[in-house]
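> Residue numbers (full-length UniProt numbering): 1 to 689.
By construction, the Cβ of each residue, glycine as well, lies at the ideal position given by its N, Cα and C atoms.
Keep in mind that this is a model prediction, so the values were computed, not measured.
The following block contains the structure:
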């Protein structure tokens with residue numbers, strides 16, 4: 001194909017033709033033939049007509065690449081450079097950064113305290129119910145029911161350490177064997193990941209931030225569920241965790257030692273103890289079937305007590321009931337003996353806000369739930385905004401590169417394992433995997449940490465929380481030391497085995513891909529995030545638990561068909577993606593199913609209509625409150641502020657592609673009324689979500 005002559009001089013006007021090199025006018029319309037142009041040699045130039053540029057753009061332009069929504073946002077240096085500032089400007093800039101850093105640490109401290117208060121609120125609301133669930137002896141031998149009990153209890157009390165301590169107490173009291181307690185520990189490992197998923201919901205205002213934050217939070221969920229899906233059947237059939245931990249306890253001959261160090265709790269305890277203190281022994285007593293524990297309050301009233309043991313003379317029915325024959329006598333009428341009587345004397349009350357409130361546990365739990373939720377939302381909003389202001393410019397670029405950069409080849413594979421060690425160490429310091437992963441969530445959302453880097457950090461958090469449990473088990477008294485240590489070691493080796501399954505080989509890192517898929521769905525349909533949370537942590541465990549109560553025949557009869565349907569869908573999806581030709585034509589796509597069974601769009605329309613109807617019917621006060629909440633949480637996209645509505649035709653902007661020769665000219669025109677957008681145009685980011 002011959003090139004166009006001097007195409008650079010063409011005029012960017014679709015209504016004009018180019019008649020030659022120097023002549024850019026239209027051909028004459030009066031019927032007179034115009035003289036051809038003469039060049040230097042005197043020969044006539046050939047007249048070349050070019051088509052309008054917009055009709056040839058598709059012939060010479062390549063389709064631009066689709067932007068990956070998971071790419072971290074580019075952080076460009078903003079403001080005045082440090083070298084361009086004078087002495088006063090440098091001092092003021094340094095003071096501002098120090099002030100922001102102090103505020104960031106203060107809000108991070110309040111954020112951690114709010115998580116502790118949230119856990120206390122859930123224990124007040126569901127602690128006794130959790131104890132009752134554990135005390136149900138009718139399904140103790142069912143490993144699947146034990147798994148779901150662990151999930152439900154940990155989700156209710158928002159603390160895996162609390163649920164694990166209940167399990168240890170039941171094992172030490174011979175209500176549970178180590179073999180039957182292992183599924184409970186696996187369930188507790190799943191339930192503890194609900195906290196950072198709740199934190200991710202607080203970032204729903206910005207679509208891209210929410211996509212990254214929710215994926216970073218749910219990567220923990222997928223790792224735990226996939227590990228249980230593989231290792232629970234293996235443990236039930238081989239009991240490898242029980243055998244391995246029993247061998248370690250017998251070989252190393254551990255002895256009871258000092259209490260585990262509190263580290264971060266030394267800092268947070270003054271504030272949290274000023275707000276509320278709980279007597280967690282009540283939940284253990286309920287789980288151990290103590291009938292008097294149900295009437296006790298979880299709110300701790302007396303923090304300092306004195307236990308007195310005195311010897312008193314008591315009457316017994318006969319000599320056989322005496323404590324000792326040497327301490328037994330009779331006066332001819334009654335038989336007497338000496339018995340030790342324990343009495344507890346209250347010395348000092350606790351110093352917290354609800355010590356003299358005389359409120360029920362449920363009422364205090366609701367109050368604390370509201371307070372902790374407000375603290376959590378406020379602290380998270382301020383942390384995100386401070387991170388956006390502190391982590392900008394050259395500082396943000398350095399931090400981002402430091403965290404997400406691998407070691408040079410051939411040691412790049414060691415980077416992930418170093419991140420696992422960092423996650424384990426940080427979790428050991430804060431003594432809570434929920435606190436560490438919840439702190440990671442906003443950093444993932446703002447784009448400082450990538451999903452690929454957050455994955456090994458989360459795996460390290462799973463290991464770190466088990467080392468804390470091991471140290472706490474080593475501080476147990478002699479009679480419970482072996483059971484507590486064996487349960488803690490089962491938790492540890494369960495997570496180690498899960499890491500060996502889902503991390504060393506890059507192809508097996510399924511949690512990353514699943515979390516990204518869920519992040520894309522939740523960013524497009526944000527109500528799906530709430531649906532996922534309620535279904536996976538409450539409805540599904542409750543359904544399996546209810547079927548377990550009905551017995552194995554009912555559980556198998558209902559569960560097996562559902563599992564077979566899920567496997568069939570997965571196989572069909574795999575064949576459609578890899579080799580659809582071997583399938584019948586009707587099964588090559590999902591169009592044979594109704595729209596509501598193959599797309600979330602109809603459900604989204606229904607939910608949008610329902611929520612829109614609620615908004616139209618709410619009173620003026622509710623609308624003002626909703627607008628205020630949206631201005632705090634999601635000012636960019638909120639149904640109340642009508643910025644999530646679909647764009648009208650007048651607001652649509654059409655971007656016209658131009659060839660390389662017109663690349664220097666920006667051509668952006670508004671689409672006229674009634675003219676639809678070209679189907680070849682790239683969809684906007686909002687439409688591709």
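#1: Tell me whether residue 320 is buried or exposed, calling it buried when 16 or more other Cβ atoms sit within 10 Å of its Cβ.
#2: Residue 586 by DSSP, collapsed to three states: which one?
#3: Once DSSP output is grouped into helix, strand and coil, what is the label at residue 128?
#4: Is it the case that the CB of residue 363 approaches a heavy atom of the ligand COA more closely than 7 Å?
#5: Reducing DSSP to helix, strand and coil, say where residue 421 ends up.
#6: Quick one, are the C-beta atoms of residue 461 and residue 427 less than 8 Å apart?
#7: Can you check DSSP and say which residues form a bridge with residue 311?
#8: Around the C-beta of residue 123, are 16 or more other C-beta atoms found within 10 angstroms, so that it is buried, or is it exposed?
#9: Between the alpha carbons of residue 624 and residue 513, how many angstroms are there, rounded?
#10: As an exercise, report each continuous alpha helix (DSSP H) stretch of at least 4 residues that is fully enclosed by the region 408-472, in chain order.
#11: Verify whether the separation of the beta carbon atoms of residue 361 and residue 449 is less than 8 Å.
#12: Evaluate residue 97 with the Cβ neighbour count: other Cβ atoms within 10 Å of its Cβ, from every protein chain shown; 16 or more gives buried, anything less gives exposed.
#13: For residue 328, write down the residues that DSSP places opposite it in a beta bridge.
#14: Nearest-angstrom Cα distance between residue 103 and residue 474?
#15: Going by C-alpha to C-alpha distance, which of 589, 340, 550, 217 sits closest to residue 453?
#16: Pull the bridge partners of residue 302 from the DSSP assignment, please.
#17: So what does residue 278 bridge to, in DSSP terms?
#18: Please work out which residues of its chain come closer than 8 Å, Cβ to Cβ, to residue 554, disregarding the five sequence neighbours upstream and downstream, and give them in chain order.
#19: In the DSSP output, which residue or residues are listed as bridge partners for residue 370?
#20: Taking DSSP as the reference, what is the three-state secondary structure of residue 355?
#21: On the DSSP bridge list, what partners appear for residue 316?
#22: Does DSSP put residue 99 in a helix, in a strand, or in coil?
#23: To the nearest angstrom, report how far apart residue 530 and residue 503 are at their CA atoms.
#24: Counting beta carbon pairs with one atom in the region 341-349 and one in the region 296-311, are three or more of them shorter than 8 Å?
#25: Buried or exposed: which applies to residue 38, given that a residue is buried once 16 or more other Cβ atoms fall within 10 Å of its Cβ?
#26: Quick one: what does DSSP say residue 490 is sitting in, helix, strand or coil?
#27: How big is the Cα-Cα spacing for residue 198 and residue 386?
#28: To the nearest angstrom, how far is it from the Cα of residue 594 to the Cα of residue 605?
#29: What residue range does the alpha helix (DSSP H) around residue 70 cover?
#30: I need the straight-line Cα distance from residue 583 to residue 551, nearest angstrom please.
#31: Taking the alpha helix (DSSP H) that residue 220 falls in, what are its first and last residues?
#32: Rounded to whole angstroms, what is the Cα-Cα separation between residue 208 and residue 381?
#33: Going by DSSP in three states, residue 245 sits in which element: helix, strand or coil?
#34: By alpha-carbon positions, which one of 489, 607, 523 ends up nearest to residue 212?
#35: Taking 8 Å as the threshold (beta carbon to beta carbon), is residue 501 in contact with chain D?
Answer, in terms of the structure:
#1: Stepping through the chain shown from its first residue, residue 320 is reached at position 320. Exposed, by the Cβ-count rule.
#2: Start at 1 with the first residue of the chain shown, and residue 586 comes out as number 586. DSSP places residue 586 in helix when its eight states are reduced to three.
#3: Position 128 of the chain shown holds residue 128. Helix, per DSSP.
#4: Summarising the ligand content, the structure contains no ligands, and the ligand COA is consequently not present.
#5: Translated into the one-based positions of the chain shown, residue 421 becomes position 421. The answer is helix: DSSP assigns residue 421 an H, G or I state.
#6: In the chain shown, residue 461 corresponds to position 461, counting from 1. In the chain shown, residue 427 corresponds to position 427, counting from 1. Yes, these two residues count as a Cβ contact at 8 Å.
#7: For the purposes of this step, residue 311 is identified with residue 311 of the chain shown, where counting begins at 1. According to DSSP, which records beta bridges pairwise, residue 311 is partnered with 340.
#8: Stepping through the chain shown from its first residue, residue 123 is reached at position 123. When all chains shown are included, residue 123 counts as buried.
#9: Taking the chain shown and counting its residues from 1, the one referred to as residue 624 is at position 624. Taking the chain shown and counting its residues from 1, the one referred to as residue 513 is at position 513. Confidence at residue 624 is low in this model, with a pLDDT of 48, below 50, so its placement is unreliable and no value can be given for it.
#10: 414-430, 433-446
#11: As a first step, residue 361 must be located in the chain shown, where it is residue number 361. As a first step, residue 449 must be located in the chain shown, where it is residue number 449. Not in contact: residue 361 and residue 449 (Cβ atoms no closer than 8 Å).
#12: Translated into the one-based positions of the chain shown, residue 97 becomes position 97. Exposed, because fewer than 16 other Cβ atoms sit within 10 Å of the Cβ of residue 97.
#13: As a working mapping, residue 328 is identified with position 328 in the chain shown. Residue 328 pairs with 337.
#14: Looking up residue 103 in the chain shown gives position 103. Looking up residue 474 in the chain shown gives position 474. Taking the straight line joining both Cα atoms gives about 38 Å.
#15: Taking the chain shown and counting its residues from 1, the one referred to as residue 453 is at position 453. Taking each of 589, 340, 550, 217 in turn and checking the Cα distance to residue 453, the smallest one comes out for 217.
#16: As a working note, residue 302 is residue 302 in the chain shown. BP columns for residue 302 point to 349.
#17: Locating residue 278 in the chain shown gives position 278, where the first residue counts as 1. Beta-bridge pairing by DSSP links residue 278 to 299.
#18: By one-based count along the chain shown, residue 554 stands at place 554. Excluding positions up to five away in sequence, the list reads 547.
#19: Here residue 370 refers to the residue found at position 370 when the chain shown is read from its first residue. In the DSSP output, where bridge partners are listed per residue, residue 370 has none listed.
#20: Position 355 of the chain shown, counted from the first residue, corresponds to residue 355. Residue state, collapsed to three classes: coil.
#21: Within the chain shown, residue 316 is the residue found at index 316, counting from 1. Answer by DSSP bridge pairing, in chain order: 335.
#22: Along the chain shown, one-based indexing puts residue 99 at 99. Residue 99: helix per DSSP, three-state reduction.
#23: Translated into positions along the chain shown, residue 530 becomes position 530. Translated into positions along the chain shown, residue 503 becomes position 503. Roughly 28 Å between the two C-alpha positions.
#24: Enough Cβ pairs lie closer than 8 Å, so yes.
#25: For the purposes of this step, residue 38 is identified with residue 38 of the chain shown, where counting begins at 1. Confidence at residue 38 is low in this model, with a pLDDT of 47, below 50, so the placement of that residue is unreliable and no value is reported for it.
#26: By one-based count along the chain shown, residue 490 stands at place 490. The answer is helix: DSSP assigns residue 490 an H, G or I state.
#27: Within the chain shown, numbered from 1, the residue matching residue 198 stands at position 198. Within the chain shown, numbered from 1, the residue matching residue 386 stands at position 386. Going from the Cα of residue 198 to the Cα of residue 386 covers about 21 Å.
#28: For the purposes of this step, residue 594 is taken as the residue at position 594 of the chain shown. For the purposes of this step, residue 605 is taken as the residue at position 605 of the chain shown. Taking the straight line joining both Cα atoms gives about 15 Å.
#29: Against the chain shown, residue 70 aligns to sequence position 70. Unbroken run through residue 70: none, as it is neither H nor E.
#30: In the chain shown, counting from the first residue as 1, residue 583 sits at position 583. In the chain shown, counting from the first residue as 1, residue 551 sits at position 551. When the Cα atoms are used, residue 583 and residue 551 turn out to be separated by approximately 39 Å.
#31: In the chain shown, residue 220 corresponds to position 220, counting from 1. Residue 220: member of the alpha helix (DSSP H) spanning 207-238, first to last residue.
#32: As a working note, residue 208 is residue 208 in the chain shown. As a working note, residue 381 is residue 381 in the chain shown. Near 16 Å, if we compare the C-alpha coordinates of residue 381 and residue 208.
#33: Sequence index remark: in the chain shown, residue 245 carries index 245 (1-based). Helix.
#34: The count along the chain shown starts at 1 and reaches residue 212 at position 212. Minimum Cα-Cα distance from residue 212 among the listed residues 489, 607, 523 corresponds to 523.
#35: Looking for chain D here will not work: only one protein chain is present.
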